[in-house]
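In this text, residue positions in the sequence shown follow this note's numbering: the first is -1, and each later residue adds one. A short write-up of the structure that comes next.
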Amino acid sequence: MSPEQCRAARGLIDWSQQALAEHALVGLSTVRDFEKGRRIPHENRLKSIKNALENAGVIFIAENGEGPGVRLKKQ
């Protein structure tokens, strides 16, 4: 998951950085710094962030020649 995917995923589900931090059980600074590209969180924190977004309905799309992306699961 890239910082750009994280920001886009939050936008799809209308979560603030604070909401993501709370759902992922990580600090707000972890989310903020990752999304700004300041640092990559420890593997377990990054996995928690990704899991929280996936549990909220986000699907991460891998690089396929057009770049990585995100979308929502079908309802």
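We treat Cβ as the ideally placed atom computed from N, Cα and C, and that holds for glycine. Remember, it's a predicted structure, so these values are computed and weren't measured experimentally.
Between the options, which lies nearest to residue i when the distance is taken from Cα to Cα?
i: residue 5; options: 47, 41, 62; result: 47
i: residue 16; options: 33, 2, 40, 3; result: 33
Closer than 6 angstroms by C-beta to residue i: which residues in its own chain qualify, once you throw out the five before and the five after it? Chain order, please.
i: residue 55; result: 70, 71
i: residue 7; result: 51, 56, 68
i: residue 31; result: 37
i: residue 39; result: 28, 32
Pull up the distance between the alpha-carbon of residue i and that of residue j, whole angstroms please.
i: residue 24; j: residue 18; result: 8 angstroms
i: residue 10; j: residue 59; result: 14 angstroms
i: residue 66; j: residue 42; result: 21 angstroms
i: residue 14; j: residue 0; result: 17 angstroms
i: residue 2; j: residue 45; result: 16 angstroms
Taking 8 angstroms as the limit between beta carbons, can you name the residues of its chain near residue i, skipping five residues before and five after?
i: residue 49; result: 22
Original post:
Taking the runs of the alpha helix (DSSP H) that are 4 residues or longer, which of them lie wholly in the stretch 18 to 68?
Top reply: Taking 4 residues as the shortest admissible run, the stretch 18 to 68 contains the following complete alpha helix (DSSP H) segments, listed from N- to C-terminal end: 26 to 33, 41 to 53.
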